[in-house]
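Enquirer:
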Amino acid sequence: MTESINVLGLSAYYHDSAACLVHNGNIIAAVQEERFTRIKHDNSFPISAINYCLTTATISAKEIDYVVFYEKPFLKFERLLETYLAFAPSGFRSFCESIPVWIRDKLFQKRGIINSLNKSVSQEDWSSKLLFFEHHLSHAASAFYPSPFERAAVLTLDAVGEWTTTSLAIGNGNQLKIEKEIDEKSLLKELFSDEKAETTTIDDLKEKSKKELEELLKIAVQNENYESAAKIRDEISNR
Ligand SMILES: [Fe+2]
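Just so you know, we're using the numbering used here here: the sequence shown kicks off at 2 and counts up by one.
#1: Whole angstroms is fine: what's the gap from E125's alpha carbon to N119's?
#2: Quick one: is the Cβ of D159 within less than 6 Å of any heavy atom of ligand 1?
#3: Which residue marks the beginning of the alpha helix (DSSP H) containing I114, and which one marks its end?
#4: Please name the residue, chosen from S18, E215, K209 and H137, that lies closest to I40 on a Cα-to-Cα basis.
#5: Grab me the residues of Y53's own chain with a C-beta within less than 8 Å of its C-beta, minus the 5 sequence neighbours each way, in chain order.
#6: From R152 to A144, what does the alpha carbon distance come to, in whole angstroms?
#7: So what does DSSP say about F88, is it helix, strand or coil?
#8: Which ranges would you report for the beta strand (DSSP E) in the stretch 123-159 if only whole runs of at least 3 residues count?
#9: In the DSSP assignment, find the beta strand (DSSP E) that holds E213 and state where it starts and stops.
#10: Give the straight-line distance between the Cα atoms of D204 and I220, rounded to the nearest whole angstrom.
#11: Ignoring anything shorter than 4 residues or poking outside the stretch 19-103, list the alpha helix (DSSP H) runs there in chain order.
#12: Alpha carbon to alpha carbon, how far is L214 from E180? Give it in angstroms, no decimals.
#13: For I6, does the three-state DSSP call read helix, strand or coil?
#14: Check this for me: beta carbons of F70 and F133, under 7 Å apart or not?
#15: Mind reading off the beta-carbon distance from N241 to S5? Whole number of angstroms is fine, and I expect it under 8 Å.
#16: So, at 8 Å on beta carbons, what are the nonlocal neighbours of E236 in its own chain, with the 5 sequence-adjacent residues on each side left out?
#17: Closest to L156 by C-alpha separation, out of P149, W164, F150 and E182, would be which residue?
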């Protein structure tokens, strides 16, 4: 007997929520929630999109083997937290406003997805079926698997995700592996290296506008170059 695998892919809570049903590696249905709600970029849980996928594939919720969410909420939460800490105490107000929302909406996303599936699709043991993949791996998979190539290099460039901003994956048959990635911190380091900050003299700083100095200060703090940060801070307070 041939094994039959049904995977429901989900995207939600950020922008353009969507669902996709993959049966034995073939896309049977894929649709955005906004097509049903008529709300542009609707980010709500994609109930209608899921039901459309199940109807098109003529399967019941019981026949879904895996539900896959497009990113890992814990990694994303870690990035948010570390970014705030790097810039503390600036941004404290926005930190206080964001964190309760993140704890409620993102950190407990697994529970939220399970509750939504139970409420709007069907009561199942969703927790044993629910998987989370990294944001850039999801992008790479969406490009590689439907492509006509047996082997391919896949480059993803995306401003947000968990930590990664750019990744290079190699796809081979049914395998896809991220080989290299650039995270948010190292990207900033590449663009504004310590060398550049260290060779910046007091005279150089005097020629900068206040806005440029504030930008340089952020970079120096990000690179943990506190000596340069102190110089820049002094220059800002002299203005
Ligand atoms: Fe993305």
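Even for Gly, the Cβ is constructed at its ideal location relative to N, Cα and C. Only a predicted model underlies this, so the values are computations on that prediction, with no experimental measurement involved.
Expert: Based on what the coordinates show:
#1: C-alpha separation (whole angstroms): 7 Å.
#2: Checking the Cβ of D159 against ligand 1 gives yes.
#3: Counting along the chain, the alpha helix (DSSP H) containing I114 begins and ends at Q110 to S121.
#4: Comparing C-alpha distances from I40 to each of S18, E215, K209 and H137 shows the shortest one belongs to S18.
#5: Counting only Cβ-Cβ distances below 8 Å, and skipping sequence neighbours, we find A20, A30, V32 and F37.
#6: The alpha-carbon atoms of R152 and A144 are separated by roughly 12 Å.
#7: Three-state result, F88: helix.
#8: The qualifying runs are 131-133 and 152-158.
#9: Segment K211 to Q223 is the alpha helix (DSSP H) holding E213; no beta strand (DSSP E) there.
#10: Distance between the alpha carbons of D204 and I220: 19 Å.
#11: Whole alpha helix (DSSP H) segments, 4+ residues: 35-38, 48-58, 74-88 and 93-103.
#12: Straight-line spacing of the CA atoms in E180 and L214 works out to 36 Å.
#13: The three-state secondary structure of I6, taken from DSSP, is coil.
#14: Yes, Cβ-Cβ distance for F70 and F133 is below 7 Å.
#15: What the structure shows of the chain is the stretch from 2 to 240, and residue 241 is not part of that stretch, so it cannot be assessed.
#16: So the list reads I203, L206, K207, K209 and L214, once near-sequence residues are dropped.
#17: Nearest option by C-alpha distance: E182.
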